[in-house]
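The opening residue of the sequence shown carries number 1 in the UniProt record's numbering; numbering runs sequentially from there.
So the structure is just underneath, and the comments pick up after that.
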Amino acid sequence: MEIFIRNANKSDYNSLLPLFRQVHELHVYERPDLYKENSTPVSQEFFENQLADDRQHIFVATRGIEIVGIVVLKEEEIAENSFVNARNILFINSLCVAETQRKKGIGKRLLQYVFEFGRSLKVDSIELGVSEKNSSAIEFYESIGMATKSRKMEILLN
1 MEIFIRNANK SDYNSLLPLF RQVHELHVYE RPDLYKENST PVSQEFFENQ LADDRQHIFV
61 ATRGIEIVGI VVLKEEEIAE NSFVNARNIL FINSLCVAET QRKKGIGKRL LQYVFEFGRS
121 LKVDSIELGV SEKNSSAIEF YESIGMATKS RKMEILLN
């Protein structure tokens, strides 16, 4: 069955909640010191505010009538100063493919769509953050041409 990509809408919320949970549960599992268990990690109000924000974009992947993936994006502007050049970035805040639908080209199709969308916006780059522990995600992102830009490091004191 063919994969279609479209803009998310308010009526998608209940179908997307399991995907939001999936992402959040991974974060909680990897970093319970940072993330709280929450069966509703994205409230309907927050979701609708994202939809209303002209600088945020949410696309869903569908197969038939089923939503099988989501990507949440935000346009960001870096102002030029004495230290950095001005840049426009399309930041991927979240990407999720339903666990039962992985390895079927859905994530790749979503990101191809995002890359084309970014080109249409004339952004300088598309960026995202990924946990060092999420080796399958890193491998996936590298397979579609993304490369590590920087690394955040920490030392836990408590």
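Note that the Cβ used here is the ideal one computed from N, Cα and C, for glycine as well.
- Closest in C-alpha terms to Ile78, from the list Ala86, Val72 and Glu37, comes Ala86.
- With fewer than three CB-CB distances shorter than 8 Å, the stretch 121-139 does not count as touching the stretch 32-46.
- A Cβ-Cβ separation of about 6 Å places Pro41 in contact with Arg21 under the 8 Å criterion.
- Counting along the chain, Gln44 sits inside the alpha helix (DSSP H) bounded by residues Gln44 to Ala52.
- In the structure shown, the three-state DSSP call for Ala61 is strand.
- Under the DSSP assignment, Ile106 falls in the alpha helix (DSSP H) whose first and last residues are Ile106 to Leu121.
- When DSSP states are grouped into helix, strand and coil, Phe83 belongs to the coil group.
- For the pair Leu157 and Asn7, the Cα-to-Cα distance works out to about 43 Å.
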